[in-house]
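Okay, so here's the structure we're looking at.
2 protein chains.
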Amino acid sequence: MNDFLFSRRRFLKNSSKTAAGLALTASLPKSSIALLGHKPKIKFSVIGINHSHIYGMVDAVIRGGGELASFYAKEPELAAAFSKRYPQAKLGREQKEILEDRSTQLILSSGIPVERAPVGIEAMQHGKDFLVDKPGITTPEQLAIVRRVQKETGRMYTIFIERLESKTILKAGALIKAGAIGKVIQTMGTGPHRINPSSRPEWFFDKKYFGGIITDLGSHQFDQFLYFTGSAKAVIVSSQVGNIHHPQYPAFEDFGDVMLRGDQGTGYFRVDWFTPDGLKSWGDGRMTILGTDGYIELRKTIDIGGREGGNHLFLVNQEETRYINCNNEPLPFSESFVSDVINRTETAIKQEECFLAAELALKAQAKAQELRLGK
Amino acid sequence: MNDFLFSRRRFLKNSSKTAAGLALTASLPKSSIALLGHKPKIKFSVIGINHSHIYGMVDAVIRGGGELASFYAKEPELAAAFSKRYPQAKLGREQKEILEDRSTQLILSSGIPVERAPVGIEAMQHGKDFLVDKPGITTPEQLAIVRRVQKETGRMYTIFIERLESKTILKAGALIKAGAIGKVIQTMGTGPHRINPSSRPEWFFDKKYFGGIITDLGSHQFDQFLYFTGSAKAVIVSSQVGNIHHPQYPAFEDFGDVMLRGDQGTGYFRVDWFTPDGLKSWGDGRMTILGTDGYIELRKTIDIGGREGGNHLFLVNQEETRYINCNNEPLPFSESFVSDVINRTETAIKQEECFLAAELALKAQAKAQELRLGK
Chain A
1 MNDFLFSRRR FLKNSSKTAA GLALTASLPK SSIALLGHKP KIKFSVIGIN HSHIYGMVDA
61 VIRGGGELAS FYAKEPELAA AFSKRYPQAK LGREQKEILE DRSTQLILSS GIPVERAPVG
121 IEAMQHGKDF LVDKPGITTP EQLAIVRRVQ KETGRMYTIF IERLESKTIL KAGALIKAGA
181 IGKVIQTMGT GPHRINPSSR PEWFFDKKYF GGIITDLGSH QFDQFLYFTG SAKAVIVSSQ
241 VGNIHHPQYP AFEDFGDVML RGDQGTGYFR VDWFTPDGLK SWGDGRMTIL GTDGYIELRK
301 TIDIGGREGG NHLFLVNQEE TRYINCNNEP LPFSESFVSD VINRTETAIK QEECFLAAEL
361 ALKAQAKAQE LRLGK
Chain B
376 MNDFLFSRRR FLKNSSKTAA GLALTASLPK SSIALLGHKP KIKFSVIGIN HSHIYGMVDA
436 VIRGGGELAS FYAKEPELAA AFSKRYPQAK LGREQKEILE DRSTQLILSS GIPVERAPVG
496 IEAMQHGKDF LVDKPGITTP EQLAIVRRVQ KETGRMYTIF IERLESKTIL KAGALIKAGA
556 IGKVIQTMGT GPHRINPSSR PEWFFDKKYF GGIITDLGSH QFDQFLYFTG SAKAVIVSSQ
616 VGNIHHPQYP AFEDFGDVML RGDQGTGYFR VDWFTPDGLK SWGDGRMTIL GTDGYIELRK
676 TIDIGGREGG NHLFLVNQEE TRYINCNNEP LPFSESFVSD VINRTETAIK QEECFLAAEL
736 ALKAQAKAQE LRLGK
């Protein structure tokens with residue numbers, strides 16, 4: 001027995017420089033490989049940093065083995081803050097310089113929402129993949145061009161949606177795939193957000209810049225609906241938007257909701273800007289997935305009056321009621337996305353999933369009835 | 376100081392037989408007055424006991440000071456069980472005998488749903504008030520006749536809806552009235568139920584008897600929507616029903632959902648028969664009320680993976696996040712309803728609220744699109 005163990009250790013030790021060793025190395029996380037000085041590794045740039053989401057996006061790509069080479073922002077004060085955080089990144093003099101840098105494979109953007117797709121289209125036309133903050137596309141016209149150019153160039157146009165950075169959503173997906181709640185019937189989500197008006201730039205309050213509340217906050221919800229139900233197509237049953245309580249910002253929308261129906265399930269969600277100050281989170285986002293044999297409730301950021309922190313999952317099925325804290329679940333986005341850039345695969349998220357979620361959001365936004373209460 | 380206390384006790388003792396004493400008695404619960412041998416007290420009967428809800432209804436009216444005189448049921452086995460529980464109640468030979476008993480003021484019914492309104496119409500025409508299990512009206516034609524006869528006779532046609540027996544809903548209503556979450560924008564409810572097929576009679580599985588899932592389970596939801604938003608009128612934005620997972624009962628509906636819009640708020644709800652066996656309750660009913668300055672979440676029957684028991688209320692507003700256990704909140708229905716019968720008032724629930732909630736349910740049911748998944 002001891003002999004066997006000894007032999008096995010010797011084999012592993014010796015094989016690290018052999019073919020078997022290479023196979024082992026390939027199964028390591030990409031970031032470990034980067035640390036070993038090996039390829040694969042990519043270089044990337046940033047264009048547009050108007051929303052602070054960009055920091056999380058950049059960090060995610062760095063974690064996956066990316067090297068931030070350069071960035072461009074037309075706002076000097078935003079550029080200064082970004083430079084301070086990432087001194088390694090060269091500030092380009094103009095957008096063109098970033099696009100034409102042949103050393104990079106990928107461009108990230110969190111510009112003003114309406115300006116994101118034009119950057120992405122140019123990025124793809126310059127042979128680069130594109131990772132964009134949500135909403136990644138704010139008009140049906142943008143979507144049509146993005147779809148066409150993506151097809152022509154074969155580049156990735158990936159929208160950095162909540163699912164990609166949520167251990168809780170991915171854990172729920174894995175449980176559902178394993179049959180924990182039977183066949184999914186319906187998803188029901190809420191996406192409330194705190195408005196923090198004093199911290200917001202002017203474009204935040206005018207839907208011509210962000211595409212409306214369903215396009216913006218709803219984008220996560222469509223993605224999760226498709227992901228959990230497994231639907232490949234869907235119709236908007238009905239949708240509403242409103243500016244209920246912010247008359248000082250007439251072009252703003254503070255409420256939206258949507259009922260939709262896919263080929264594999266139905267869904268409803270509400271998004272809003274009404275998170276009150278007494279909540280210890282920016283928003284009490286929930287998702288309930290109803291199946292034929294159980295349901296899952298996600299309390300994504302907070303469990304009001306309950307457990308500390310976020311990433312709470314509650315599973316109720318024919319056998320049990322179980323609480324699962326998802327803080328230690330894996331979050332493979334960084335490595336799988338960088339690997340997709342290198343290997344031209346779609347392991348992080350499928351291109352068509354990005355487009356379909358965006359398309360549904362734009363349709364629901366376009367057909368939304370305006371909500372007027374107490375009038 | 377002691378002298379003062381002594382004097383005060385003497386005053387209270389002496390005043391119990393004076394005008395001041397009468398005023399004190401008037402503030403006591405009605406049931407206490409009944410125990411003292413005082414009026415007000417009413418006599419009532421029961422016609423139709425097909426759903427066990429009837430026991431809760433009878434007990435509620437007895438608690439309020441009612442005396443159960445007699446009942447009629449066409450099913451001998453149901454009648455036997457009822458007689459055992461209420462030996463004081465005389466079993467009538469036919470429905471007519473109960474209707475024509477001039478000693479009673481009120482008739483209760485939990486017959487097969489489609490047969491309830493015809494009983495109620497006859498009850499009102501015989502000069503009696505009517506308290507009926509939900510759904511109290513299963514077709515638009517029934518509603519039209521019930522409305523007309525109620526107007527002609529001036530009798531009460533009260534549907535015994537969840538709100539009337541829920542401390543949690545009433546506490547939320549009181550908090551909202553006191554301004555705890557600002558102006559209500561939206562309600563979002565779920566009403567899942569356990570199907571328990573082996574315990575159900577045949578009529579349970581055929582919507583021609585119960586009017587469809589929105590008419591049946593949804594009736595509570597419309598009432599709560601009107602109650603919390605304060606809407607006096609509403610339109611159905613969209614509605615869906617389906618038989619997703621019970622092909623062995625082709626005339627059954629196991630899923631329904633509705634989006635609706637009132638003059639003072641909007642709402643969404645889902646009802647279903649998918650409560651899994653691993654839940655320690657018949658259904659994890661929730662209600663979230665979103666306001667301009669906060670929100671309230673009700674976990675009506677269970678707090679999954681959390682606190683014991685039911686009646687949980689979570690309040691989040693601009694000041695705080697607060698948990699309120701509503702088990703010790705008042706539940707005035709019994710006394711206010713019996714008082715309404717005697718005094719011709721509408722303190723328990725307004726007649727038009729009953730009719731409007733039923734009307735909305737029938738409209739949503741009639742216009743519901745049929746949900747077919749995975750086909």
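Just so you know, the protein sequences line up as chains A and B, in that order.
Per the working numbering, residue 1 is the first one in the first sequence, and the count goes up by one each step.
Per the working numbering, residue 376 is the first one in the second sequence, and the count goes up by one each step.
All C-beta atoms, glycine included, are put in the ideal place defined by N, C-alpha and C.
List the whole-angstrom C-beta distance separating residue i from residue j, where the pair is believed to meet the contact cut-off of C-beta under 8 Å.
| i | j | result |
| --- | --- | --- |
| Ile611 (chain B) | Val646 (chain B) | About 14 Å separates the two Cβ atoms, so there is no contact after all. |
| Ser485 (chain B) | Gly423 (chain B) | 6 Å |
| Lys90 (chain A) | Ser70 (chain A) | 4 Å |
| Glu253 (chain A) | Lys300 (chain A) | Their Cβ separation, rounded to whole angstroms, is 22 Å, which puts Glu253 (chain A) and Lys300 (chain A) out of contact at 8 Å. |
| Leu99 (chain A) | Glu75 (chain A) | Contact doesn't hold; Cβ gap of about 19 Å is too wide. |
| Phe210 (chain A) | Pro135 (chain A) | 7 Å |
| Ala609 (chain B) | Phe580 (chain B) | Contact doesn't hold; Cβ gap of about 30 Å is too wide. |
| Gly182 (chain A) | Gly294 (chain A) | 6 Å |
| Trp282 (chain A) | His220 (chain A) | Between His220 (chain A) and Trp282 (chain A) the Cβ distance is about 14 Å, and since that is not below 8 Å, they are no contact. |
Can you name the start and end residues of the beta strand (DSSP E) that residue i belongs to?
| i | result |
| --- | --- |
| Gly423 (chain B) | 417 to 424 |
| Arg200 (chain A) | Here Arg200 (chain A) belongs to no beta strand (DSSP E), and DSSP marks it neither H nor E. |
| Tyr86 (chain A) | Per DSSP, Tyr86 (chain A) belongs to no beta strand (DSSP E) and is neither H nor E. |
Using the Cα positions of residue i and residue j, report the straight-line distance between them to the nearest angstrom.
| i | j | result |
| --- | --- | --- |
| Thr380 (chain A) | Gly189 (chain A) | Because chain A is modelled from 1 through 375, residue 380 (chain A) falls outside the range shown and cannot be assessed. |
| Thr168 (chain A) | Thr667 (chain B) | 29 Å |
| Gly548 (chain B) | Leu665 (chain B) | 13 Å |
| Ala607 (chain B) | Ile159 (chain A) | 43 Å |
| Leu506 (chain B) | Lys416 (chain B) | 16 Å |
| Asp659 (chain B) | Gly305 (chain A) | 18 Å |
| Gly438 (chain A) | Asp129 (chain A) | Given a span of 1 to 375 for chain A in the structure shown, any question on residue 438 (chain A) remains unanswerable. |
| Ala45 (chain A) | Ile185 (chain A) | With the sequence shown as reference, residue 45 (chain A) is identified as Ser, and Ala is not the correct amino acid for it. Roughly 41 Å between the two C-alpha positions. |
| Lys84 (chain A) | Asp340 (chain A) | 29 Å |
| Ile677 (chain B) | His687 (chain B) | 8 Å |
| Glu672 (chain B) | Arg661 (chain B) | 7 Å |
| Lys363 (chain A) | Pro332 (chain A) | 31 Å |
| Ser613 (chain B) | Gln599 (chain B) | 18 Å |
| Glu162 (chain A) | Tyr461 (chain B) | 58 Å |
| Leu735 (chain B) | Glu346 (chain A) | 47 Å |
| Pro72 (chain A) | Glu202 (chain A) | Residue 72 (chain A) is actually Tyr in this sequence, not Pro. Looking at the two C-alpha atoms, the distance is approximately 21 Å. |
| Asp434 (chain B) | Ser478 (chain B) | 20 Å |
| Cys354 (chain A) | Met156 (chain A) | 10 Å |
| Leu106 (chain A) | Lys43 (chain A) | 7 Å |
| Gly56 (chain A) | Ile62 (chain A) | 10 Å |
| Asp605 (chain B) | Leu175 (chain A) | Looking at the sequence shown, residue 605 (chain B) is not Asp but Gly. If you take the alpha carbons of Gly605 (chain B) and Leu175 (chain A), they lie about 40 Å apart. |
| Gln693 (chain B) | His426 (chain B) | 44 Å |
| Phe314 (chain A) | Ile324 (chain A) | 6 Å |
| Val338 (chain A) | Gly66 (chain A) | 7 Å |
Please compile the residues from chain A whose C-beta is within a distance smaller than 9 Å of the C-beta of residue i.
| i | result |
| --- | --- |
| Asn636 (chain B) | Checking the sequence, you will find Arg at residue 636 (chain B) rather than Asn. Result: Gln240, Gln369, Leu371, Leu373. |
| Ile536 (chain B) | Ordered by position in chain A, no residue passes the 9 Å Cβ test against Ile536 (chain B), which lies about 23 Å from the chain. |
From the DSSP output, which residues share a beta bridge with residue i?
| i | result |
| --- | --- |
| Val691 (chain B) | B:Tyr670, B:Thr696 |
| Glu745 (chain B) | B:Val616 |
| Glu442 (chain B) | B:Lys418 |
| Thr288 (chain A) | A:Met188, A:Glu297 |
| Val132 (chain A) | A:Ser109, A:Ile159 |
| Ala234 (chain A) | A:Gly262 |
| Arg270 (chain A) | A:Thr190, A:Asp257 |
Can you name the start and end residues of the alpha helix (DSSP H) that residue i belongs to?
| i | result |
| --- | --- |
| Tyr584 (chain B) | 582 to 585 |
| Asp254 (chain A) | Premise fails: Asp254 (chain A) is in no alpha helix (DSSP H) and is neither H nor E. |
| Ile145 (chain A) | 140 to 153 |
| Thr168 (chain A) | 167 to 177 |
| Asp598 (chain B) | 593 to 604 |
| Ser711 (chain B) | 708 to 718 |
Going along chain B in order, which residues have a C-beta closer than 8 Å to the C-beta of residue i?
| i | result |
| --- | --- |
| Lys280 (chain A) | Thr696 |
| Ile185 (chain A) | Ile619, His620, Phe630, Asp647, Phe649, Leu748 |
| Glu297 (chain A) | Ile679 |
Anything in chain B within Cβ reach of residue i, meaning under 9 Å, just list it in chain order.
| i | result |
| --- | --- |
| Met188 (chain A) | Met563, Thr565, Asp632, Tyr643, Arg645 |
| Gly316 (chain A) | Looking at the sequence itself, residue 316 (chain A) is Val, so the reference to Gly does not match. Result: Thr650, Pro651, Gly653, Leu654, Asp659, Ile679, Gly680. |
| Leu217 (chain A) | The contacting residues do not exist; Leu217 (chain A) stays about 14 Å from chain B at best. |
At a cut-off of 8 Å, is residue i close to the ligand HEM when judged by its beta-carbon and the heavy atoms of the ligand?
| i | result |
| --- | --- |
| Tyr698 (chain B) | As far as ligands go, the structure on display features none, and thus does not contain the ligand HEM. |
Which residues in chain B sit within 7 Å of residue i, going by Cβ to Cβ distance?
| i | result |
| --- | --- |
| Gly265 (chain A) | Leu748 |
Using a Cβ cut-off of 7 Å, pull out every chain A residue sitting near residue i, in sequence order please.
| i | result |
| --- | --- |
| Gly587 (chain B) | The contacting residues do not exist; Gly587 (chain B) stays about 17 Å from chain A at best. |
| Asp668 (chain B) | Pro276 |
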